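Asks: Following this message is one structure expressed as structure tokens.
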Amino acid sequence: KTQVEQSPQSLVVRQGENCVLQCNYSVTPDNHLRWFKQDTGKGLVSLTVLVDQKDKTSNGRYSATLDKDAKHSTLHITATLLDDTATYICVVGDRGSALGRLHFGAGTQLIVIP
Amino acid sequence: DMKVTQMPRYLIKRMGENVLLECGQDMSHETMYWYRQDPGLGLQLIYISYDVDSNSEGDIPKGYRVSRKKREHFSLILDSAKTNQTSVYFCASSRGSDYTFGSGTRLLVI
């Protein structure tokens, strides 16, 4: 059973618009949650990591929230650029050490059009 | 620049052939991983290595084996490749909750 669900599956926005990606999970325990960006044919690049029970992070045009009570995270991208076209993957780590496992969502495919 | 390097980037093999995927990292991370990524699915863990010669099966180890003789190198081996092993394979290394992924190897088994 999938323990990390991402929505929407795909999303098309116009350059300059904002968008919000959702991640719901059932992983227990949930030590941390990380958002990755994956360009087509490339590896995963970390955007941000959230750790606290109710956490917020900001990294340029990317901002993210985590609510561990609701087991829910959002990734906000403001003023999208064409280079934001990619798959965004939500990953939940059940521990903060190598003994833990990472649980991957299937990703949200974001397409930014001119 | 700290990184995980995977070789080759692309590979085509015939069913039944042996396959060797190589991964290297320059961060002295103890833990390394092999995942596969298939369309519509999240990355699935094949094997995890905690250090040299300290390897454990992941969630989908069948049909694969690994080798880690040096901390900086972690190899994935497919003995007698099958068509359902066509996938994109990612290597990663970690320390704590800090993960670095390679760019992937696209394997086609025909």
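Chains A and B, in that order, give the protein sequences.
If you count by the working numbering, then the first sequence holds residues 52 to 165, one letter each, in order.
If you count by the working numbering, then the second sequence holds residues 6 to 115, one letter each, in order.
Glycine included, every Cβ here is placed at the ideal spot set by N, Cα and C.
All values derive from a computational prediction rather than experimental measurement.
(1) The beta strand (DSSP E) with H34 of chain B in it runs from where to where?
(2) Mind checking whether T110 of chain B and M32 of chain B have CB atoms under 8 Å apart?
(3) From this set, B:Q42, B:E77, B:D56, which residue's C-alpha is nearest D64 of chain B's C-alpha?
(4) Looking at the secondary structure, which residues open and close the beta strand (DSSP E) in which K107 of chain A lies?
(5) How is T88 of chain B classed by DSSP in three states: helix, strand or coil?
(6) To the nearest angstrom, how far is it from the Cα of F95 of chain B to the Cα of R70 of chain B?
(7) Can you say whether Q30 of chain B is buried or exposed, counting buried as having 16 or more other CB atoms within 10 angstroms of its CB?
(8) For F106 of chain B, go through chain A and note every residue whose CB falls closer than 7 Å to its CB, in chain order.
(9) Using a cut-off of 8 Å between C-beta atoms, extract the partners of F79 of chain B located in chain A.
(10) Which chain E residues are close to S102 of chain B, counting only those with a beta carbon under 9 Å from its beta carbon?
(11) Out of curiosity, what's the CA-to-CA distance linking Q90 of chain B and I51 of chain B?
(12) Select from A:S77, A:N82, A:V64, A:Y113 the residue whose C-alpha is nearest the C-alpha of T125 of chain A.
(13) Between K87 of chain B and G68 of chain B, is the Cβ-Cβ spacing less than 8 Å?
(14) Would the region 11 to 20 of chain B and the region 139 to 154 of chain A be scored as touching if the rule is three or more Cβ pairs under 8 Å?
(15) In chain order, what residues of the same chain have a beta carbon less than 6 Å from the beta carbon of I53 of chain B, not counting five sequence neighbours either side?
(16) Across which residues does DSSP place M12 of chain B in a beta bridge pair?
Replies: A quick look at the data gives this:
(1) For H34 of chain B, no beta strand (DSSP E) run applies, since DSSP gives it neither H nor E.
(2) Going by C-beta atoms, T110 of chain B is not nearer than 8 Å to M32 of chain B.
(3) Cα-wise, what sits closest to D64 of chain B is B:Q42.
(4) From DSSP, the beta strand (DSSP E) with K107 of chain A extends over 105 to 110.
(5) The answer is helix: DSSP assigns T88 of chain B an H, G or I state.
(6) When rounded, the distance between both Cα atoms is 15 Å.
(7) Its Cβ being crowded by 16 or more others within 10 Å, Q30 of chain B is buried.
(8) Correct list: G94, L95.
(9) Listed along chain A, no residue sits closer than 8 Å to F79 of chain B by beta-carbon distance, the nearest being about 13 Å off.
(10) Protein chains A and B are contained in the structure displayed, whereas chain E is not.
(11) One alpha carbon belongs to Q90 of chain B, the other to I51 of chain B, and they sit about 12 Å apart.
(12) Check the Cα spacing between T125 of chain A and each of A:S77, A:N82, A:V64, A:Y113: the tightest is with A:Y113.
(13) Yes.
(14) Too few Cβ pairs lie closer than 8 Å, so no.
(15) Once the five neighbours on either side are set aside, the close Cβ partners of I53 of chain B are Y38, S61, G63.
(16) DSSP lists B:E27 as partners of M12 of chain B.
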